[in-house]
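Everything on this sheet refers to the single structure shown next.
Protein chains: 2
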Amino acid sequence: MRINGQYFETIWVDRNNKEKIKIIDQQKLPFHFEIKSLSTFNDAFSAIKDMTVRGAPLIGVTAAFGLYLAMLDKINNEKLPDFISSTCEKMKTARPTAVNLAWAVDWVENELRGVQSAEEARQLAFDAAVKLKAMEVGYSNSIGEHGLQLIEEIAQQKNGAPVNILTHCNAGWLACIDWGTATAPIYKAHQKGINVHVWVDETRPRNQGSKLTAYELAQEGVPHTVIPDNTGGHLMQHGMVDMVLVGSDRTTRTGDVCNKIGTYLKALAARDNNIPFYVALPSSSIDFKLSDGINEIPIEQRDADEVRFALGKEGKTQLVPNGSPVANYGFDVTPARLVSGLITELGICEANEKAIKKMFGK
Amino acid sequence: MRINGQYFETIWVDRNNKEKIKIIDQQKLPFHFEIKSLSTFNDAFSAIKDMTVRGAPLIGVTAAFGLYLAMLDKINNEKLPDFISSTCEKMKTARPTAVNLAWAVDWVENELRGVQSAEEARQLAFDAAVKLKAMEVGYSNSIGEHGLQLIEEIAQQKNGAPVNILTHCNAGWLACIDWGTATAPIYKAHQKGINVHVWVDETRPRNQGSKLTAYELAQEGVPHTVIPDNTGGHLMQHGMVDMVLVGSDRTTRTGDVCNKIGTYLKALAARDNNIPFYVALPSSSIDFKLSDGINEIPIEQRDADEVRFALGKEGKTQLVPNGSPVANYGFDVTPARLVSGLITELGICEANEKAIKKMFGK
Chain A
10 MRINGQYFET IWVDRNNKEK IKIIDQQKLP FHFEIKSLST FNDAFSAIKD MTVRGAPLIG
70 VTAAFGLYLA MLDKINNEKL PDFISSTCEK MKTARPTAVN LAWAVDWVEN ELRGVQSAEE
130 ARQLAFDAAV KLKAMEVGYS NSIGEHGLQL IEEIAQQKNG APVNILTHCN AGWLACIDWG
190 TATAPIYKAH QKGINVHVWV DETRPRNQGS KLTAYELAQE GVPHTVIPDN TGGHLMQHGM
250 VDMVLVGSDR TTRTGDVCNK IGTYLKALAA RDNNIPFYVA LPSSSIDFKL SDGINEIPIE
310 QRDADEVRFA LGKEGKTQLV PNGSPVANYG FDVTPARLVS GLITELGICE ANEKAIKKMF
370 GK
Chain B
10 MRINGQYFET IWVDRNNKEK IKIIDQQKLP FHFEIKSLST FNDAFSAIKD MTVRGAPLIG
70 VTAAFGLYLA MLDKINNEKL PDFISSTCEK MKTARPTAVN LAWAVDWVEN ELRGVQSAEE
130 ARQLAFDAAV KLKAMEVGYS NSIGEHGLQL IEEIAQQKNG APVNILTHCN AGWLACIDWG
190 TATAPIYKAH QKGINVHVWV DETRPRNQGS KLTAYELAQE GVPHTVIPDN TGGHLMQHGM
250 VDMVLVGSDR TTRTGDVCNK IGTYLKALAA RDNNIPFYVA LPSSSIDFKL SDGINEIPIE
310 QRDADEVRFA LGKEGKTQLV PNGSPVANYG FDVTPARLVS GLITELGICE ANEKAIKKMF
370 GK
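Top line first, the protein sequences correspond to chains A and B.
My numbering puts the last residue of the first sequence at 371; the count rises by one with no breaks.
My numbering puts the last residue of the second sequence at 371; the count rises by one with no breaks.
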C-alpha cells in the first residue's frame, strides 16, 4: 500500500545488497517514517521482540528472513544441523503468542532438512523467506476479496450511507506485508468506490490503532475516526457500527480467537447488539494443535512501563503514580461462540471445528 | 480520607474566610497536590466545566457552593427572584450528563424560594450547600456499610485469599466528599482487615483510574493494580475478578446505569463470566423522570484533544496523526438487565423499577 503516495511493503530485500533486509520501523510511526536494515539474526530477533516489526504475518516473515541472515554466518558444515535447529528454537522465543512465528520457523526449518552445506542452507533459507513473503501477500489479497463480499452486502442494505466498520489494534498492511488482514476487505471496498468508514480503537497500551491503523487508513484516503477503547459498546448500542472486523494472532482449530487485549470486549458488545463480528486471518494463524483458546494459548505479559507511560510524538509522559503496580497482558481470547465467521484466504468459514476442518482439510 | 497521612475532604469552606471555598485541583493529581480557592460563581462553574472538580456528588456540592458564591454579589432585592432563577439555570449547563448537578441546583433553588433579601439568600444558600455536603458524606458512608456486606460474603468464600474487585474510572472519595461511592465498601473492608485487591481500569481518555483511583487507593494503603481498559475481560475469563464495582453519573428509575464510557463493556464481560456487577450510587444520582437510559440520557461529547493527546506528568504527548478525526463520548449506558444490584444509602436494591420505587417511595 502507499505511504506519501509511494508504494511500499513492510519488509523487502535491499535491491543493492541481498544480505540486507529492509523494514519500516513501526515503533516510530506515525510521526516519523524510518526504514531500518537487518543484517544479522540478532537484528531480526530484536526487531520482533521490541516490536519494531509487529503483526502476526509480518513477525513470521521477519523470522524467516532472520533465519536466512543467521545462515550468512561462517558455519562449519559438520555443525550445520545443530546450528539450524538451535537457531530455529531461539527464534521461536522472540514472542510467545503469535503462532505464525513458530509456523514460519518450522516452514523454513523444513525447507532446510537434509541440507549439506552452509552455502546451500543460505540459498534455501533465502528462497523460503521470499516464498513465505509472497504467500502472505497472496493470503491477504484473497482475504480482501472474500471479506469484500460481506461489505458489499451491507452496503447494498445501506443505500449509499457509509458502512461503519469497527476495528481493534492494527491488522492492517503494516501488520502483514501488503493489504493487511482485517483491513484488506476495507481497502478493496474503498478502491471499488463503496462508502466505508472505520472506527479505529486506539488500542492501549501501545496505541497500534491510533498510531498505525489510523496512519495507514489516512495514507490510503479511507474515512475513519479514532476512538478510545472504551467507546465501541456505546457506538454499537446506537446503531453506529455495522460490522466488527479484527485480525488474530492465533486461532484454535475450534475457532477460539486470540487477538490484541480488548478484542473479547468488542465481541461481547457486538453479540449484545446483533452486529456481525468477523475475524480476518491467514490459515498460518490457525493453531491446529489447540482446541481450547482460553486455557491453552499462552498470553504474553509485557513491560509495565507500556501502561505506566504513554509514548507519543513529544516522548513519554507518566500516567500512573510511582507507588501503583501495573499489569500488562498483551492478548485475550474471544470464544468461538461470539465469532460470526473467519475470513481466510480460502473463503469465509464458520468458527467451529467442523467448518475449519472442512475448509483446511486438517 | 487521607493524603500524605492528613485527613481531607474534596471541598470545604475556608476556615478563615467564609467567602472562599477550597477544592483539591483534580486536574493536577496524582503528580501535584494543589488546593484552589473559589470566590465567585464563575470560579465554581469553570471548576465543574473544566473538570478541576469531577464526579457526580462533588459536582453537585460544588454547584451548591457556586450558587452561594453568586449570592455574594451586590444584588438589588427587587431583581433577586430573576437573579436566582437565571443563576440556577446557568449552573445546570456546566456539564450535561450527571443528574446530581441539576438535582443539587434544584435543592438550593428550593431552599431560596420566597426569599426577601440578598442577605437572606446568602445565608440560606450557604446553609443549603453545607447541608448538601453533609448529606453526601452520609450517603457515601451508608453506601460503604451496605456494600461492605457484599465484600464480606465473598471474603468468607475465599478463605483469606484476596477479594479481587474491578473498578472503572474514579467513583472514589475524590469524586465525592469522603469515602466515595464505589470505593466506600472497599475502604470499609480494608479498614476491617479484609484482604481486598482492586483492579483499576486506567480509564482513557482522561485516565481518572490511573490518576485518581490508583492515587487515592495508594494513599489509603489499599492493594491495587492499574490495567488498560482492554484488560478486564481477560481477567474475568481467568477467575481473577470476584466483583465489579462502579459508580454512576445518572441512573434511571428503571435501573439503567449511565457511567464513564466503557462501563457497559465491563458489565457485558461480568455477565459472560457470572461475576457480580454492582453499581454504588446515592439516590441523588437517580433520575426518576427517565425510564430508558440508552435513548433518554444525553451523552456528553468532549474535546477531541483528550483522545488525540495523553496528558501525564511530563505534559502532553500526541497519539493520533494530525489527519485523523477523533470522537470522544464521555459516558455510556449499561442496561439494567446487566446490573446485579444498586448499592444505595438506603440499602442494596435490584436494578428494576419496582425495587427502586419500593426503596425510594417515588
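Just so you know, even glycine gets a beta-carbon here, dropped at the ideal spot from N, CA and C.
Hey, quick one: how far does the alpha helix (DSSP H) through Tyr196 (chain A) stretch, first residue to last?
-> 192-200
Using the DSSP secondary-structure output, state which residues sit across from Ser46 (chain B) in a beta bridge.
-> B:Lys31
Bridge partner(s) assigned by DSSP for His405 (chain A) = Not covered by the structure: residue 405 (chain A). The range shown for chain A is 10 to 371.
Could you work out which residues of chain A lie near Gln246 (chain B), taking near to mean beta carbons separated by less than 8 Å?
-> Tyr273, Ile303, Asp341, Val342
In the structure shown, what three-state DSSP assignment does Phe40 (chain A) receive?
-> coil
Leaving out five residues before and five after Leu1 (chain B) in sequence, what residues of the same chain have Cβ atoms less than 7 Å from its Cβ?
-> Outside the shown range of chain B (10 to 371) lies residue 1 (chain B), about which nothing can therefore be said.
Give a yes or no on whether 8 Å exceeds the smallest Cβ distance from Glu309 (chain B) to chain A.
-> no
Beta strand (DSSP E) runs contained entirely in the segment 223-262 of chain A, provided each spans 3 or more residues | 233-236, 252-255, 259-261
Answer yes or no: does any C-beta atom of chain B fall closer than 8 Å to that of Lys37 (chain A)?
-> no
Distance, Cα to Cα, Lys37 (chain A) vs Lys269 (chain A)?
-> 20 Å
Hey, Asp187 (chain A) and Met10 (chain A): beta-carbon distance below 8 Å or not?
-> yes
Contact list for Asp281 (chain A) against chain B, beta-carbon separation under 8 Å = Leu277
Residue of B:Asn109, B:Glu118, B:Arg104 minimising C-alpha distance to Pro90 (chain B) | B:Glu118
What first and last residue would you give for the alpha helix (DSSP H) that runs through Asn119 (chain B)?
-> 108-120
Using a cut-off of 8 Å between C-beta atoms, extract the partners of Gln318 (chain A) located in chain B.
-> Per the sequence shown, residue 318 (chain A) should be read as Phe rather than Gln. In chain order: Gly321.
Cβ pair Gly64 (chain A), Ala184 (chain A) closer than 8 Å = yes
If I'm right that Ala103 (chain A) touches Ala73 (chain A) with Cβ under 8 Å, what's the distance once you round it to whole angstroms?
-> Rounded, the Cβ-Cβ distance is 12 Å, inconsistent with contact.
The segment 337-349 of chain A contacting the segment 326-340 of chain B, beta-carbon criterion three pairs below 8 Å = no
Using 8 Å as the limit for Cβ to Cβ distance, is Glu211 (chain B) near chain A?
-> yes
Could you please give the first and the last residue of the uninterrupted alpha helix (DSSP H) stretch that includes Asn304 (chain A)?
-> 302-305
Below 6 Å CB to CB, which residues in the same chain sit around Asp251 (chain B) once its five sequence neighbours on both sides are set aside?
-> Ile163, Val172, Asn173
Please classify Ala360 (chain B): does DSSP put it in a helix, a strand, or coil?
-> coil
Do you know how far the Cα of Ser48 (chain A) is from the Cα of Lys83 (chain A)?
-> 14 Å
Proximal residues of chain D, C-beta to C-beta of Asp238 (chain A) below 8 Å = The structure shown contains no chain D; the protein chains it does contain are A and B.
Option nearest Thr376 (chain A) by Cα separation, candidates A:Asn26, A:Ile30, A:Asn25 = Outside the displayed span of chain A (10 to 371) sits residue 376 (chain A), for which this structure offers no information.
With a cut-off of 8 Å, do at least 3 Cβ pairs link the segment 194-203 of chain A to the segment 154-170 of chain A?
-> yes
What is the DSSP secondary structure of Asp82 (chain B), reduced to helix, strand or coil?
-> coil
Check each residue of the segment 155-172 of chain B: if its Cβ is closer than 8 Å to any Cβ of chain A, include it; give the result in chain order.
-> none
Count the other CB atoms, across all protein chains shown, that sit within 10 Å of the CB of Gln35 (chain B); report buried if there are 16 or more and exposed otherwise.
-> buried
Of the residues B:Ala127, B:Asn239, B:Arg215, B:Tyr16, which one's Cα is nearest the Cα of Gly218 (chain A)?
-> B:Asn239
In chain B, which residues lie less than 9 Å from Ala53 (chain A) when you measure between Cβ atoms?
-> By Cβ distance, chain B contributes nothing, its closest Cβ being about 28 Å from Ala53 (chain A), past 9 Å.
Cβ of Ala65 (chain B) less than 8 Å from any chain A Cβ?
-> no
What residues from the segment 285-299 of chain A come within 7 Å of chain B, judged by C-beta to C-beta, listed N to C?
-> none
Is the shortest distance between the beta-carbon of Tyr338 (chain B) and the beta-carbons of chain A less than 8 Å?
-> yes
Selected residue, minimal CA-CA separation from Thr272 (chain B), among B:Glu154, B:Glu211, B:Asp296, B:Lys99 | B:Glu211
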